[in-house]
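For the sequence shown, counting from 1, position 163 maps to 196 in the numbering used here; every step adds exactly one. The C-beta atom is built at its ideal place from N, Cα and C for all residues, glycine as well. None of the values given here were measured: they were computed from a predicted structure. Read the structure below first, then the notes.
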Amino acid sequence: MPKTKIQKQEILRSLEAKIGKSKSIVFAGFNALGVKDNEALREKLRAENGEYFVAKKTLMNLAFKNQGIEGLNARGFDGKVAAIFSYEDEVSPAKAVHAFAKGKEANIFFLGGILEGKILSKDEVIALAQLPSKTELYAKLVGSLNAPISGFVNALAGNLRNFVYVLKAIEEKKA
């Protein structure tokens with residue numbers, strides 16, 4: 034049954050609100066995605082503070098145009114399109130969909146995305162999904178910052194250790 038004009042306006046307002054508060058948006062195509070898989074993906078995205086939303090392409094285009102995002106044409110995507118919104122971490126929805134899609138590449142796949150107002154291609158979204166998480170990047174940064182300090186401490190400790198060995202050798206020689 035077709036949607037009424039009022040229903041479409043409500044969907045449009047909802048889409049505009051989601052676009053306004055999201056940090057990033059990933060577009061995914063889906064074919065023959067079962068109800069269980071669909072719900073599992075929605076749950077995974079909710080855990081990452083994201084949201085999976087399906088709407089008509091014309092409504093998506095209108096919502097993006099109303100939010101000032103130019104150059105995006107959802108009609109250019111083949112098949113059914115889902116918009117996946119992220120409200121906290123910019124990368125988490127792409128990572129969640131990428132992890133979910135393993136083994137189901139025919140059922141769900143990336144089409145593109147938006148990050149900080151810039152339109153991303155399919156390849157850029159895949160690259161984004163393969164990045165380490167924020168906590169992993171923080172850990173690597175802390176390790177990199179800590180490495181010179183640790184090396185300096187070890188060098189100082191090595192000099193003291195060698196000095197103790199020399200004193201011990203002199204003691205053994207005199208005994």
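8 Å Cβ shell around residue i - same chain, five flanking residues per side excluded
i   : result
L95 : L45
E49 : A96, N99, Q100
Pair within 8 Å by beta-carbon distance, residue i and residue j
i    : j    : result
A237 : I102 : Only positions 34 to 208 of the chain appear in this structure, which leaves residue 237 out of reach.
G104 : N64  : no
V158 : G176 : no
K56  : E123 : yes
A162 : A127 : yes
Cβ shell of residue i (< 6 Å), same chain only, five flanking positions each side left out
i    : result
A129 : K77, L78, E81
Residues that DSSP places opposite residue i in a beta bridge
i    : result
L153 : G146
G136 : DSSP lists no partner for G136.
I117 : V59, Y85
I141 : F63
Boundaries of the beta strand (DSSP E) in which residue i is found, first to last residue
i    : result
A208 : Note, A208: premise wrong, no beta strand (DSSP E); not H, not E.
I102 : No beta strand (DSSP E) holds I102; DSSP gives it neither H nor E.
Alpha helix (DSSP H) segment containing residue i, residue limits
i   : result
A96 : 90 to 99
A73 : 68 to 80
Chain-order list of residues whose beta-carbon lies under 7 Å from that of residue i (same chain, five-residue window excluded)
i    : result
F142 : A61, G62, A134
S125 : E81, G83, S119
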